[in-house]
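Worksheet for the structure shown next.
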DNA sequence: TATACCGGGCTCTGCCATCCCG
DNA sequence: CGGGATGGCAGAGCCCGGTATA
């Protein structure tokens with residue numbers, strides 16, 4: 030990588046001297062080609078590609094501390110552009126409190142950011158600021174997800190999204206949460222967001238609900254990632270929940286506007302796989318289909334657990350002497366991390382706690398409640 | 001007073017595919 | 001044909017405490 034940068038620098042130096050002295054009549058690409066062939070045995074193809082890059086731009090980026098290699102890998106076309114605005118971008122973001130390294134990182138991760146004009150950035154920032162209120166919060170999002178901020182050049186669409194989401198009854202703080210945690214929502218085309226809203230609306234109506242607006246708002250606030258999923262995925266998940274758990278329309282509706290919303294954004298294959306895995310794990314332990322279904326229904330977030338994690342937790346409990354029935358009765362015990370579960374079990378063992386007689390209720394208490402309880406038991 | 005029940009708070013990107021336009 | 005804009009995908013949990021209830 031350093032070698033390539035070196036070649037580029039050397040080529041630039043040579044070009045400068047060529048321009049000054051006019052001793053050579055080589056074209057820039059040819060000269061670069063020559064330099065590259067001399068110092069590194071590159072293929073003609075890579076030289077051809079490189080020769081199309083804007084050397085001045087590439088050098089500028091190198092000087093700015095941008096990881097050009099990764100930028101090239103991500104969006105090679107940007108490096109070939111004749112007009113870019115990296116200096117404007119730097120000035121703009123630094124004025125907002127970003128460091129030089131921060132901006133270099135942004136460009137390395139999302140090169141197209143340098144194609145945005147300062148006017149565009151100002152407008153977009155203004156709209157974001159209308160939702161997030163402080164520059165530092167916006168910078169935090171940018172750092173996490175440069176793409177979400179820079180991918181679209183369509184500020185009008187961004188404004189349409191704000192209007193649209195507000196019209197659904199989402200409050201300013203709902204919007205702030207959405208923008209902070211699921212910024213892609215706002216770079217989606219408004220029509221795409223509308224499609225999801227329409228779909229959720231239809232689901233509610235077809236399940237016999239009577240307040241679709243409220244339902245949509247509930248889902249979108251309960252699970253802020255729904256709008257960055259495809260309708261296909263959400264639909265598949267909703268249908269899967271109904272058929273696999275054998276729910277009536279009303280039961281499904283209740284599930285969706287409650288704890289079920291949490292898992293709507295899961296990769297569909299993942300839900301299916303985990304569901305099968307839960308059955309595979311519990312059936313041999315003597316559980317019936319109905320028991321398993323109601324177990325999942327009472328704590329659908331278990332579908333979120335990887336098969337390995339699920340198995341580990343169940344095995345950990347069984348090894349401790351807990352009966353399967355005790356687990357079925359208290360699905361929320363799977364809520365605790367495996368490490369918390371194991372360390373609590375160990376501590377309780379030390380003081381002679383009998384899980385079979387007293388149950389697993391202690392395992393999923395909050396930390397403070399657990400400590401209080403533990404003190405008393407001691 | 002202890003436990004059960006329940007809802008809420010945190011929390012999502014970076015890559016690839018496809019379409020469309022100049 | 002290349003590149004910008006956009007859509008879609010895989011991947012993966014834990015903790016807390018208010019309030020009802022026994």
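Residue numbers (the numbering used here): 30 to 407.
Note that CB positions come from ideal geometry on N, CA and C, so glycine has one too.
Contact belief for residue i with residue j at Cβ below 8 Å, rounded distance in angstroms
i: residue 295; j: residue 332; result: 7 Å
i: residue 225; j: residue 255; result: 7 Å
i: residue 300; j: residue 288; result: Actually they do not touch by this definition, with Cβ atoms about 14 Å apart.
i: residue 108; j: residue 87; result: 6 Å
i: residue 327; j: residue 360; result: 5 Å
i: residue 357; j: residue 316; result: 7 Å
i: residue 236; j: residue 282; result: 5 Å
i: residue 394; j: residue 405; result: That belief does not hold up - the Cβ atoms of residue 394 and residue 405 are roughly 12 Å apart, past 8 Å.
i: residue 417; j: residue 355; result: As displayed, the chain neither begins before 30 nor continues past 407, which places residue 417 out of reach and without an answer.
i: residue 110; j: residue 83; result: 6 Å
i: residue 303; j: residue 276; result: Not confirmed; about 18 Å, so no contact.
DSSP state of residue i mapped onto helix, strand, coil
i: residue 232; result: helix
i: residue 246; result: helix
i: residue 65; result: Legend: pLDDT at residue 65 = 43, less than 50; position of this residue unreliable, value from coordinates given subsequently. It is helical.
i: residue 218; result: coil
i: residue 158; result: helix
i: residue 238; result: coil
i: residue 167; result: helix
i: residue 200; result: coil
i: residue 212; result: coil
i: residue 425; result: Examination of residue 425 is not possible in this model, given that the chain is present from 30 through 407 alone.
i: residue 339; result: helix
i: residue 174; result: coil
i: residue 324; result: helix
i: residue 334; result: coil
i: residue 143; result: helix
i: residue 74; result: Confidence in residue 74 is poor, its pLDDT being 48 and thus under 50, which makes the residue's placement unreliable; the coordinate value appears in the next sentence. If DSSP states are grouped into helix, strand and coil, residue 74 belongs with the helices.
i: residue 225; result: helix
i: residue 316; result: coil
i: residue 32; result: Note that residue 32 scores a pLDDT of 37, beneath 50, so its modelled location is shaky and nothing firm can be said.
i: residue 82; result: coil
i: residue 183; result: coil
i: residue 50; result: Low per-residue confidence applies at residue 50: pLDDT is 29, beneath 50, and the placement is therefore not dependable, though the value from the model is reported in the following sentence. In this structure, residue 50 counts as helix in the three-state DSSP scheme.
i: residue 60; result: Residue confidence is low: residue 60 scores 40 on pLDDT, short of 50, so the model does not pin down where it sits. Its coordinate-derived value is still stated next. Residue state, collapsed to three classes: helix.
i: residue 190; result: helix
i: residue 88; result: helix
i: residue 253; result: coil
i: residue 55; result: Only weak support exists for where residue 55 lies, its pLDDT of 32 falling under 50; the value from the coordinates is given anyway. DSSP places residue 55 in coil when its eight states are reduced to three.
Sub-7 Å separation of residue i and residue j beta-carbons
i: residue 362; j: residue 392; result: yes
i: residue 152; j: residue 186; result: no
i: residue 194; j: residue 208; result: no
i: residue 229; j: residue 245; result: yes
i: residue 297; j: residue 266; result: yes
i: residue 321; j: residue 311; result: yes
i: residue 384; j: residue 353; result: no
i: residue 349; j: residue 374; result: yes
i: residue 115; j: residue 143; result: yes
i: residue 127; j: residue 93; result: no
i: residue 248; j: residue 213; result: no
i: residue 125; j: residue 96; result: no
i: residue 121; j: residue 150; result: yes
Distance cut-off 6 Å: residue i Cβ against heavy atoms of the ligand FAD
i: residue 320; result: Because no ligand of any kind appears in the structure shown, any question about the ligand FAD cannot be addressed here.
Legend entry - Any alpha helix (DSSP H) of 4 or more consecutive residues that is wholly inside the segment 350-399: 353-358, 367-379, 384-387
Inset, instruction - Check whether the segment 132-143 touches the segment 166-182, counting contact only when three or more Cβ pairs, one atom from each stretch, lie closer than 8 Å. - result: yes
Inset, instruction - Please go through the segment 257-314 and give each complete alpha helix (DSSP H) segment of 4 or more residues, from N-terminal end onward. - result: 260-273, 278-285, 297-311
Inset, instruction - Would you be able to state if there are at least three C-beta pairs under 8 Å between the segment 160-172 and the segment 206-223? - result: yes
Inset, instruction - Tell me, please, whether the segment 303-312 touches the segment 337-348 by the rule of three or more beta-carbon pairs shorter than 8 Å. - result: yes
Inset, instruction - Just list the alpha helix (DSSP H) runs in the segment 91-134, keeping only unbroken ones of 4 residues or longer that don't cross its boundaries, in chain order. - result: 97-103, 115-124
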